[in-house]
Every structure is written in structure tokens, then in C-alpha cells.
Amino acid sequence: MKPVIICGGVGAKMWPASRQKMPKHFLPLLSGKSLFQWNWNSLRKKFEAKDIYIQTTVDQAGLVKEQVPEVLANNIFIEPELRNQGPATGFAAAMLYKIDPDEPFMLVQVDDIRIPEQYFFEMMDVCDRLARTSNKYITGGFRPSFAITGNDWLIKGELEIEQDRVGVYKVDKFLWRGAGVNAKRQAEEYFNQGLALLHTNHTCMTPRNFLEMFKKYRMEWYKPLLNIVEGGDVVTEYAKMPKGQLEDVTQLVHAAGESLVVELPFRWIDIGTWESADIYLKEIGAHQNGYHLVEIDSNDNFIQAPKGKVVATIGIKDVIVIDTGDALLICRKDQSGRVGEVVERLKMENKSEFI
Numbered sequence: 001m002k003p004v005i006i007c008g009g010v011g012a013k014m015w016p017a018s019r020q021k022m023p024k025h026f027l028p029l030l031s032g033k034s035l036f037q038w039n040w041n042s043l044r045k046k047f048e049a050k051d052i053y054i055q056t057t058v059d060q061a062g063l064v065k066e067q068v069p070e071v072l073a074n075n076i077f078i079e080p081e082l083r084n085q086g087p088a089t090g091f092a093a094a095m096l097y098k099i100d101p102d103e104p105f106m107l108v109q110v111d112d113i114r115i116p117e118q119y120f121f122e123m124m125d126v127c128d129r130l131a132r133t134s135n136k137y138i139t140g141g142f143r144p145s146f147a148i149t150g151n152d153w154l155i156k157g158e159l160e161i162e163q164d165r166v167g168v169y170k171v172d173k174f175l176w177r178g179a180g181v182n183a184k185r186q187a188e189e190y191f192n193q194g195l196a197l198l199h200t201n202h203t204c205m206t207p208r209n210f211l212e213m214f215k216k217y218r219m220e221w222y223k224p225l226l227n228i229v230e231g232g233d234v235v236t237e238y239a240k241m242p243k244g245q246l247e248d249v250t251q252l253v254h255a256a257g258e259s260l261v262v263e264l265p266f267r268w269i270d271i272g273t274w275e276s277a278d279i280y281l282k283e284i285g286a287h288q289n290g291y292h293l294v295e296i297d298s299n300d301n302f303i304q305a306p307k308g309k310v311v312a313t314i315g316i317k318d319v320i321v322i323d324t325g326d327a328l329l330i331c332r333k334d335q336s337g338r339v340g341e342v343v344e345r346l347k348m349e350n351k352s353e354f355i
């Protein structure tokens, strides 16, 4: 098994701390450690450094080496440009194909936390064995405590494998978040039946089988990737692939009955918004409080401010305040998923120095 840490995004929903030059996964959010460092240290408990790969962008490759000098330079796959998850995942498979086409890999999203780690490693072992004997697309799914809206869902079908804490199921149906009210209603119905899993990625296949999947369902991605495998210029070939999400392919794979979902046996925490960061950081007591806070009739707020600054709140609750010196965010916690809209507005206004 070759784990590949994916860390090429910007994390716009955690602006203004998360910027293009310092994305959220490199911020010292976890008791002085970044999400990238946390995931690297976690994987190092099972894998040697030579077996862990990183996929990132040219702008972030330097941060990778700065934060974890142990990362081998040859193990960093640098995307020539941002073309979304479909081409990016294919690029990882193509680069690994050149190393060993039949050694399974798993994508490890850098902004997720998985605890306890041992349960994650047990899942990886099951996926490793399965990927060596099956050409099906393997992904992960998590059963939350309630039916979260605005997410993709995988509906469990027949049980394929059950080992220790790990259950692997055929995918009966994929419900895409953009499919409207009907899909939302279906997700809630399946959730109440105990069959709906929140899609969490954790893609696992051999590089050979992954590229064969692209060959069958997305030839315009497969051909440039095959050229990369055969020694073609990475920049030239990567630019030939149309932008798109991996779901452009996997929706078809799910519909054809060619996929499996592993119900995550561990707690999966996605640090995607300031609200989710607040929940987890409070839980582990890792808030970064370098400022002096005065609260009057205020509670349940999440505040970050420069060291040495005094912040006073009066009569407010459930509010997020992020002060980076050159930018200030104030929003309700339940609206933190919209912070990315601020970044889009700044792009439209040509305020690139703030993004």
C-alpha cells in the first residue's frame, strides 16, 4: 500500500487565515502542528518515509519540505496546474504506475483527522488486500449522527467483506449533492434505514486498474495520463485534460455496479470550515489564544487574533471572529460555510493581495 497525502487546495472557507501562500493545511491549528504534519506523523506510525507520497502544487511543495524535511523529494508529485480532482487523482495514479502499476494506493485527504489511528490502519490493510484481487473502485463512507445536507451519499448494498471492525459493501446507489430536493429526500430515507454513508473519498485501487477505469469512462483524461506514464512531458500532457471532478467518472462506475464502499471504522473529522475547526479544537483544548479576551455576556464564540491584541465581546454568541491584521472576518458559525464567497468576491474585485 502506498498512501498519497493530497494537499493542493487553498481552503477558501477558512479565509482570512488560509491564503494561497499559506493554505489551511499548513496552519499551526493543532497545538502548534498543521494538518499536514498531523497526517504525516500519523502515517509514519505504519509506513516508512520512502513509502509515503505527497501530491501538491508547485507553490506548496516548498511548504511540504519546510514543515516535514523527512519527505523525500522524489515522493512529491507536483501538479503543473489546478485542473480539479479528476485529473489530479489520475496524475497520482500515473506517477505511481511508473513505480509499480500493481501496488495499491490510497488517497489521504490532508484536511481530515482520523481517530483512533489504529482503526484507520486496519481499514487500509483490508483495502490493500481487496485492491490486489479486485478491479473495482474502492472508496470510503462515514455514517454521521444525522442526515447532513449538501453532501454526496453512498447507499450500502450487499455486504462484500467483514473483517474485525471493517465492513465493505457494494454500492447500491450514489446520491449527488447537486441532484436537488429529490436526492435530499432519498438520502434522508436511506439514512433512517441505516444504509446511507457520507462520501469521504479514501480512494483505493492499483494504478493499473485506476487508469483502466479512466480508459473506460473518460478517454480524454486517460490518453494524456498514458502519455505521462510512457515518458511524455508532464506539463504538456496535463494541460490536455479537461477540468472536472472525480465524480464525473465515479458516478458512472457506481451506476454500473463497479464500486465498493468501506464504512469507516474510525471517527472521521473534516476540518473544512471555521465552525468545524472550532468544534474539534475545543474538544482537544487546542485553541490558539495569543491575545487577551474580555467577554461580557458572550459565549460559544470562536476568536483568533494577533498575539498581544485585546479583543472584547459584548452580548454575542455563536460568532466567529478571525483577525489576521490585514483582514477581518466576522460571521455566525452556522454561516461559516459561505466564507468562500468572500474569496470569490475579492477575486472579482482584483484584491489578490488579500487571497
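UniProt numbering puts the first residue of the sequence shown at 1, with every later residue one more than the last. We put the beta carbon where it would ideally sit given N, CA and C, even for glycine.
>> Which residue marks the beginning of the alpha helix (DSSP H) containing Gln37, and which one marks its end?
In response: Reading the sequence shown from its first residue, position 37 is the one you call residue 37. Segment 35-43, the alpha helix (DSSP H) holding Gln37.
> Which ranges would you report for the beta strand (DSSP E) in the region 194-273 if only whole runs of at least 3 residues count?
Replying inline: 196-205, 259-263, 267-270
> Is the number of C-beta pairs between the region 132-141 and the region 61-72 that are closer than 8 angstroms three or more?
Replying inline: no
> Out of curiosity, what's the CA-to-CA distance linking Leu159 and Gln109?
Replying inline: Residue mapping note: residue 159 aligns to position 159 of the sequence shown, counting from 1. Residue mapping note: residue 109 aligns to position 109 of the sequence shown, counting from 1. Cα to Cα, the separation comes out at about 26 angstroms.
>> Assuming the contact rule is C-beta atoms closer than 8 angstroms, Met241 and Pro224 should be a hit. Round their C-beta distance to whole Å, please.
In response: Translated into the one-based positions of the sequence shown, residue 241 becomes position 241. Translated into the one-based positions of the sequence shown, residue 224 becomes position 224. Indeed, because the Cβ distance is near 5 angstroms, the residues count as touching under 8 angstroms.
>> As a quick exercise: from Val294, His292, Ala277, Leu293, pick the residue whose alpha carbon is nearest that of Ala286.
In response: In the sequence shown, residue 286 corresponds to position 286, counting from 1. Ranking the options by Cα distance to Ala286, first place goes to Ala277.
>> Among Ser298, Ala305, Gly340, whose alpha-carbon lies nearest the alpha-carbon of Lys317?
In response: Position 317 of the sequence shown, counted from the start, is the residue given in the question as residue 317. Answer by Cα proximity: Ser298.
>> Taking contact to mean 3 or more Cβ pairs, one atom from each stretch, closer than 8 angstroms, check whether the region 164-172 and the region 119-133 are in contact.
In response: yes
> Which term fits Glu79, buried or exposed, when burial requires 16 or more other beta carbons within 10 angstroms of its beta carbon?
Replying inline: In the sequence shown, the residue the question calls residue 79 occupies position 79. Glu79 comes out buried.
>> Just to confirm the assignment, what range does the alpha helix (DSSP H) spanning Leu96 have?
In response: Reading the sequence shown from its first residue, position 96 is the one you call residue 96. It spans 85-97 - the alpha helix (DSSP H) in which Leu96 sits, taken as one unbroken run.
>> Please report the distance separating the alpha-carbon of Ala256 from that of Gln20.
In response: Counting from one through the sequence shown, the residue named residue 256 turns up at place 256. Counting from one through the sequence shown, the residue named residue 20 turns up at place 20. The straight-line gap from Cα to Cα measures roughly 38 angstroms.
>> On a Cα-Cα basis, can you pick out the residue from Ile296, Leu328, Ala305 that is closest to Thr313?
In response: Translated into the one-based positions of the sequence shown, residue 313 becomes position 313. It is Ile296.
> Measuring CA to CA, which of Asp128, Leu252, Val311 is closest to Leu175?
Replying inline: On the sequence shown, position 175 is the one that residue 175 refers to. For Leu175, the nearest C-alpha among the options comes from Leu252.
>> Assess contact between the region 48-56 and the region 66-86, defined as three or more Cβ pairs (one per stretch) separated by less than 8 angstroms. Is contact present?
In response: Contact check between the region 48-56 and the region 66-86: three or more CB pairs, one atom from each, fall below 8 angstroms, which counts as touching.
> Hey, would you say Trp15 sits closer than 8 angstroms to Val319, going by beta carbons?
Replying inline: Taking the first residue of the sequence shown as 1, we reach residue 15 at position 15. Taking the first residue of the sequence shown as 1, we reach residue 319 at position 319. Not a contact, by the Cβ cut-off of 8 angstroms.
>> Can you list, in chain order, the residues of its chain with a C-beta nearer than 6 angstroms to that of Gln304? Leave out the 5 residues immediately preceding and following it.
In response: Counting from one through the sequence shown, the residue named residue 304 turns up at place 304. These residues qualify, in order along the chain: Ile322.
> Run through DSSP, which three-state label would Ile284 get?
Replying inline: For this step, residue 284 is matched to residue 284 along the sequence shown. Correct three-state label for Ile284: helix.
> Hey, quick one: how far does the alpha helix (DSSP H) through Phe174 stretch, first residue to last?
Replying inline: For the purposes of this step, residue 174 is taken as residue 174 along the sequence shown, with counting starting at 1. Run containing Phe174: none in the alpha helix (DSSP H); it sits in the beta strand (DSSP E), 166-175.
> How long is the line joining the alpha carbons of Ala239 and Val310, rounded to whole angstroms?
Replying inline: If you number the sequence shown from 1, residue 239 lands on position 239. If you number the sequence shown from 1, residue 310 lands on position 310. Rounded to the nearest angstrom, the two C-alpha atoms are 49 angstroms apart.
>> With a threshold of 8 angstroms, are at least 3 pairs of Cβ atoms found where one atom belongs to the region 218-236 and the other to the region 258-271?
In response: Segments in contact, no.
> Grouping DSSP H, G and I as helix and E and B as strand, with all else coil, what is Ile52?
Replying inline: On the sequence shown, position 52 is the one that residue 52 refers to. In this structure, Ile52 counts as coil in the three-state DSSP scheme.
>> Given this structure, state the Cα-to-Cα distance separating Lys347 from Ala196, to the nearest angstrom.
In response: By 1-based counting over the sequence shown, the position of residue 347 is 347. By 1-based counting over the sequence shown, the position of residue 196 is 196. Distance between the alpha carbons of Lys347 and Ala196 is about 37 angstroms.
> Between which two residues does the alpha helix (DSSP H) carrying Cys127 extend?
Replying inline: Taking the sequence shown and counting its residues from 1, one reaches residue 127 at position 127. For Cys127, the enclosing alpha helix (DSSP H) starts and ends at 117-133.
> Terminal residues of the continuous beta strand (DSSP E) containing Ala312?
Replying inline: Position 312 of the sequence shown holds residue 312. Where Ala312 is concerned, the enclosing beta strand (DSSP E) stretches over 310-314.
> Do Phe26 and Gln67 come within 8 angstroms of each other at the CB atom, strictly closer than that value?
Replying inline: Within the sequence shown, numbered from 1, the residue matching residue 67 stands at position 67. Within the sequence shown, numbered from 1, the residue matching residue 26 stands at position 26. Yes.
> So is Gly8 buried or exposed if we call it buried at 16+ other beta carbons inside 10 Å?
Replying inline: If you number the sequence shown from 1, residue 8 lands on position 8. Looking at its Cβ environment, which holds 16 or more other Cβ atoms inside 10 Å, Gly8 is buried.
>> Which of the three DSSP states is assigned to Asn299 in this structure?
In response: As a position in the sequence shown, residue 299 is number 299, starting the count at 1. It is a strand residue.
> Looking at C-alpha atoms only, which residue of Arg44, Tyr217, Val10, Met22 is the closest neighbour of Gly340?
Replying inline: The count along the sequence shown starts at 1 and reaches residue 340 at position 340. Closest option to Gly340, Cα to Cα, is Val10.
> Can you pull the DSSP bridge partners for Met106?
Replying inline: On the sequence shown, residue 106 is found 106 positions in, with the first residue counted as 1. Note: Met106 sits in a beta bridge opposite Pro3, Cys204.
> Which partner residues of Phe77 appear in the DSSP bridge assignment?
Replying inline: Mapped onto the sequence shown, residue 77 falls at position 77. According to DSSP, Phe77 bridges with Gln55.
>> One question on the structure: do Arg177 and Tyr97 come within less than 8 angstroms of each other, judged by their Cβ atoms?
In response: Here residue 177 refers to the residue found at position 177 of the sequence shown. Here residue 97 refers to the residue found at position 97 of the sequence shown. Contact: no.
>> If I measure Cβ to Cβ from Val229 and keep anything under 8 angstroms in the same chain, skipping five residues before and after, which residues do I get?
In response: Within the sequence shown, residue 229 is the residue found at index 229, counting from 1. Once the five neighbours on either side are set aside, the close Cβ partners of Val229 are Ala94, Tyr97, Lys98, Leu211.
>> Out of Trp274, Leu281, Phe214, which one is the CA nearest neighbour of Asp248?
In response: To locate residue 248, count along the sequence shown from 1; it is residue 248. Among Trp274, Leu281, Phe214, the Cα nearest to that of Asp248 belongs to Phe214.
>> Using the Cβ count rule (16 or more neighbours within 10 Å means buried), how would you classify Thr236?
In response: For the purposes of this step, residue 236 is taken as residue 236 along the sequence shown, with counting starting at 1. By the neighbour-count rule (16 or more Cβ atoms within 10 Å), Thr236 is not buried but exposed.
>> Between Ser31, Arg185, Phe47, which has its C-alpha nearest Ile5's C-alpha?
In response: As a position in the sequence shown, residue 5 is number 5, starting the count at 1. The residue with the shortest Cα to Cα distance from Ile5 is Phe47.
> Looking only at DSSP bridge pairs, what is Phe142 linked to?
Replying inline: Translated into positions along the sequence shown, residue 142 becomes position 142. Leu198.
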